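Chains as they are written, first to last, in the numbering used here: chain A, 1 to 361; chain B, 1001 to 1361; chain C, 2001 to 2361; chain D, 3001 to 3361. Here a beta-carbon is modelled for each residue, glycine too, at the ideal position from N, C-alpha and C. Predicted, not measured: the structure shown is a model, and the values here were computed from it. Working notes, structure below.
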């Protein structure tokens, strides 16, 4: 269970890191959207390995659409998209899991699935499953664009190096940056800490900020299907995300009401705020301001340094030295996954609210 | 929509701040649980006004159970619980909303509901709806206790004043503290900033930390129904919560993998970790360590200071001075709401996993 | 679990036959619908006891709206509606269930709920819970009327006496008939078999037909959230319903394709069919023709005749003679429940498809 | 939307009749179930064309498992199963739908999807999608067998020819019969009416009866997630099913309570009934007796005889003569689909109730 998200625009994820493929079924996409493989591929390429700090596993990740498209348009039927796994090397994994990797889901999954889960390459818990998120996100982004919505994200902190604040225009350029960072002055420092961590067989984390532009006021449901609640849940599905904040977030705890409240400015049939500490969401509902969301990405748990673990048969201590191919820092590759999960969630609400029409013409 | 949460243990919320009542329907509670009004009341009393910084509205909040109980035990049928609103003063609210309060849901709700929502006292967006969360949480806590699970929370920061770290034993004592703070040394400073903010007609926020003890490994579903994802969503349903983090949370972004990974220690048919940076959750699944969760609570948006707003009929600027009765700082009263939403979420997963039995004998 | 139905327009049922009340929470009703107690009462009165063949229990069933209404309009928040139980006589029920009544849910519930369910008057399994369905249905009907949709039902068979086919105009008049039957020629015979069954301490069943008019083409989702599938499920929630058919239904099994297919007639920007064997639904989607649905209602299982049962403690045979107050035939009272469940289901689909607008002005 | 069914054991369907493939994602299957391709193939072969009255389209329908299996056992992750379409002939379909086929979903889908749906071979509305149901059903059946549950179905009426009642032992043999009929005396007559209908370019329907054995008492949720309600909904997802009844079904409407009630017989820690008019379900919950379900299958709407239709561009009359390859009677091929949808539904409830364990060892 737990492999489907969304209520109106649903995404069902399947596949394993070292299995035959990674895929998604997207249900609820309105008919009439022009969509072909290249729309998917362009997004998928952004999460490909190859950037500094990424794994040596080199997957082509060619998107293939297996259903839901007719005459180059969506039909309203489920869209199935897959990438076939090709560069698999399961040599560093035994047939059965014996020594759980610290920081990984290995142990929790071992207990939950009674030892039957496919642990090779992390199986269902691998960052590789986000290839599916990105394919679904590509569809969501095309839908959102129809109504003038856009989701952009960038690396704002990596291994402790902070980027300076950026405007939407600058954030859009981050996708050209090898670390998906809008601050080109901060990039060299980030690259250097990645180099050092790689050399030390260690790993790094960071913070990703996302902005959603053009989101009309009124999306989100009180009390429980909040826009922020659903966004947080979607983002925490990305392996390695450990925290989510909206607007001033944790900083809000230190502000006074008079500082944190966003005063209204007179607009044209619309309210605009003088500040955006709410991050575009009040009472769980979008208020017309840009959404501002930040997520913390923990350092990749797979490191080459020897670690204390246990043997699952004997429950006695064991020293684990992880082999296999791993990312030193997944933050840059996670940026598009963050955008995708936000886009998927917004599409869900926008379809429900009919901001996105039932049939696209 | 959006007023039901949970999949196996579901909570449906209803009622408005200035309407007749606040209530919940709890569905999926196994039959056979001994439950009476006092189990509910004891929790409800913890969120009552009266503590420093709380509103002058004095509600008795007497829990009433309307269905689902027979011979003092749950029957397996929906449990309906309500508190009747009694100390209502709607004088400071016009019949229709004209000037949205900054930081509140007023404007977003106005757009979403076309001006039909009951805005008096915040209506459905009032912190008062958490009375329902707490009643449902009381049931969840009793269920969890059957399997040795316990959720405890405390104020760890208020108006910028930080409490020192606390052990579970100390956190349990926080419920006796007037600010629900386990650090009695920090309390006077917190009380002082509340006094100052109250005097200045301003408001304060803070941070609440929750610990869930006795949670067995294996709760939570990859990929999308993550334990952390569902917890975050449940917590963001509490008005004023703007951020959620697990374990080392945002701090994880600055740690190296070798620092952030939690090494396993040999246990007795169980794995224990030497640290708990994961906050008890890896890959979206509980790993047997205590859950550690922190939420940021923004300063109460209702302040007595004049603020810039707009008139919704003319869309021209208007100065708003909020009257009515409001909390200077809701952090202490939100502590039990935080515990409740965590307990509700854990009960949902524990019932599904049959950690909590189908019939309680 | 299982006490909530619907996806966009959801109904959560609570309460027991001999508990304090019967109620529903309706979530997802668009804001702006004029609604007051009398809209609910008029429907509720149609299922009241008092008609021939109905129980001696005389409940006033005064609808009370507890939330979701402000200034006589729906607000978009959950609408809670209840009737308080008043004429309760639990004398004929022991504290614990010992002898399950044949044809009733007693035994199945006993196993499922481990003996904890409230068995008095059937508890959650009583036909009395349909008072909640009817209150929710009243809201749904008002919504449907906004878009020109109407659901009407009538008794077409009772105790083996068949009514003759009726036009929509005639069916509308059935609500004035004491047996909710459109065929006044058939009524005396039906009344006579009821009288005989009552005298013999026995009971009768029948068939109810419902028509939904004004349903536009395009409602319903393939493959699994079919319009017919969801209607059948909603109707089977009515205690005593044992079968559901659409259009020619079971008779279709005996027709040839050339007889059962409904040929299209040229219309005005619309297709109309020359016949309606499909009952208005093809491929799980409405096709623009009236929906035609029939349900079989089994004879009331509570009869005064002695029956073979068992003792649940000893599992030895026991002769059961049911006392208490019961309907000889619930068919006439079930007619409005049938209409209600259909209206609830149609409202769900119509809201999703935005046939019913998001805000009603 | 609408392509996922189930709550604990969910089936997501995808693919089109003339697209690349037909498939399903099964989520919620407990880990540890031994499963390979042959388990799926054996069921799939039962719905293959080739039997009397079936289409000339000859698909190999080789099951392929793409995810969720490791070391020949289920892992607890989503199981993706597909059959690739191979014998496609779209010549008889234009690029766009112009003339809707009477009795088909063509028109309703055209309205719903604004003309974007893939109409070739019926697209998503083709009986071919039941290949996915059958693959998912094969998994469900293996799960049910672990707890001694079994679902068997047979043709009890075809083209007006009735089979005589059959015992479970005899029904099990029906899978060897070319018409899936347990009554070998009735088979020749059925074959003859098929031959006649084929010659006349017409089509036939029929009735399928299913029995579920070994279903323990207590499955199903009141009030809305009834076992019968969910079964009916699942069965109506099979194209051509127009009616569902349980136990005595429509006949119950003509019985007296004293005839229709099933008296209890003393059992061994279990109640057994002397009759089974309830079809194993009372109050929406299984009562320990075998489930008895009958569905009406309408005659295949695709017939070679000229029919009245309309042109969707001009809305003027048009005579339609359907070419392409079609079944004269799909009843025999639908038998395994009926079993599958029942098995899927029972697995859903049995997993929830932990009749099927969380991990299979």
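- By the C-beta density criterion, residue 1117/B is buried, having at least 16 other C-beta atoms within 10 angstroms.
- Contact between the region 1295 to 1304 of chain B and the region 1272 to 1280 of chain B is not established, with fewer than three Cβ pairs separated by less than 8 Å.
- At least one C-beta of chain A is nearer than 9 Å to the C-beta of residue 1262/B.
- Under the 9 Å criterion on CB atoms, residue 124/A is classed as interfacial with respect to chain D.
- Only residues of its own chain outside the window of five on either side were considered, and among them 348 have a CB closer than 6 Å to the CB of residue 6/A, listed in chain order.
- Put simply, the CB of residue 2087/C is far from chain B, with every gap to its CB atoms at 9 Å or more.
- Where residue 1155/B is concerned, the enclosing beta strand (DSSP E) starts and stops at 1150 to 1158.
- Secondary structure note for residue 1107/B: its alpha helix (DSSP H) is the uninterrupted segment 1106 to 1112.
- Legend: CB atoms of the region 1287 to 1309 of chain B lying less than 7 Å from CB atoms of chain A belong to residues 1287, 1296, 1297, 1298, 1299, 1300, 1301, 1303, 1305, 1307, 1308, 1309.
- When C-beta atoms of the region 243 to 261 of chain A are compared with those of the region 1290 to 1297 of chain B, three or more pairs fall below 8 Å, so the two segments count as touching.
- Between the beta-carbon of residue 338/A and that of residue 46/A there is about 11 Å, and that puts the pair past the 8 Å contact cut.
- At least one beta carbon of chain B lies nearer than 9 Å to the beta carbon of residue 3353/D.
- Residue 2027/C is a Cβ neighbour of residue 1012/B, given a cutoff of 9 Å.
- Neighbours of residue 1189/B in chain D, taken as residues whose beta carbon is under 9 Å from its own, are absent, since the nearest beta carbon is some 49 Å off.
- Here residue 70/A is bridged, per DSSP, to 73/A.
- Taken in chain order, the unbroken stretches of alpha helix (DSSP H) that lie wholly in the region 2170 to 2202 of chain C and span 4 residues or more are 2187 to 2199.
- Note that the C-beta distance between residue 2333/C and residue 2127/C is below 9 Å.
- In this structure residue 1285/B is in contact with residue 105/A, their Cβ atoms being roughly 6 Å apart against a cut-off of 8 Å.
- Distance from the CA of residue 93/A to the CA of residue 2316/C, rounded to the nearest whole angstrom, comes to 60 Å.
- Rounded to whole angstroms, residue 3073/D and residue 21/A show a C-alpha spacing of 18 Å.
- For residue 3021/D, the nearest beta carbon of chain A is closer than 9 Å to its own beta carbon.
- Close to chain A, meaning a Cβ-Cβ distance shorter than 8 Å, are the following residues of the region 3001 to 3032 of chain D: 3001, 3002, 3003, 3004, 3008, 3010, 3012, 3013, 3014, 3015, 3016, 3019, 3020, 3021, 3023, 3025, 3027, 3028, 3031, 3032.
- Beta-carbon to beta-carbon, residue 30/A and residue 357/A are separated by about 6 Å, close enough to satisfy the 8 Å threshold.
- Among the CB atoms of chain B, none fall inside 9 Å of the CB of residue 3147/D.
- For the options 2343/C, 2239/C, 2222/C, 2352/C, the alpha carbon positioned closest to that of residue 2144/C is the one of 2343/C.
- Using a CB distance cut-off of 9 Å, residue 2076/C counts as an interface residue toward chain B.
- Per the coordinates, the alpha-carbon of residue 3245/D lies some 28 Å from the alpha-carbon of residue 3042/D.
- Under the 10 Å beta carbon count, residue 3120/D is surrounded by 16 or more other beta carbons and is classified as buried.
- Between residue 2162/C and residue 2156/C, the alpha-carbon positions lie close to 6 Å from each other.
- Taking residue 268/A as reference, the option from 1308/B, 1312/B, 1135/B, 1243/B with the minimal CA-CA separation is 1312/B.
- Among the residues facing chain C, residue 222/A is included, as its CB has a counterpart in that chain under 9 Å away.
- Around the beta-carbon of residue 2237/C, 16 or more other beta-carbon atoms lie within 10 Å, marking it buried.
- By the CB criterion at 9 Å, residue 2081/C and residue 2024/C fall inside the cutoff.
- Not a single C-beta of chain B is nearer than 9 Å to the C-beta of residue 118/A.
- If you draw a straight line from the Cα of residue 2100/C to the Cα of residue 2107/C, it comes to about 5 Å.
- Neighbours of residue 3066/D across chain A, judged by C-beta separation under 7 Å: 20, 21.
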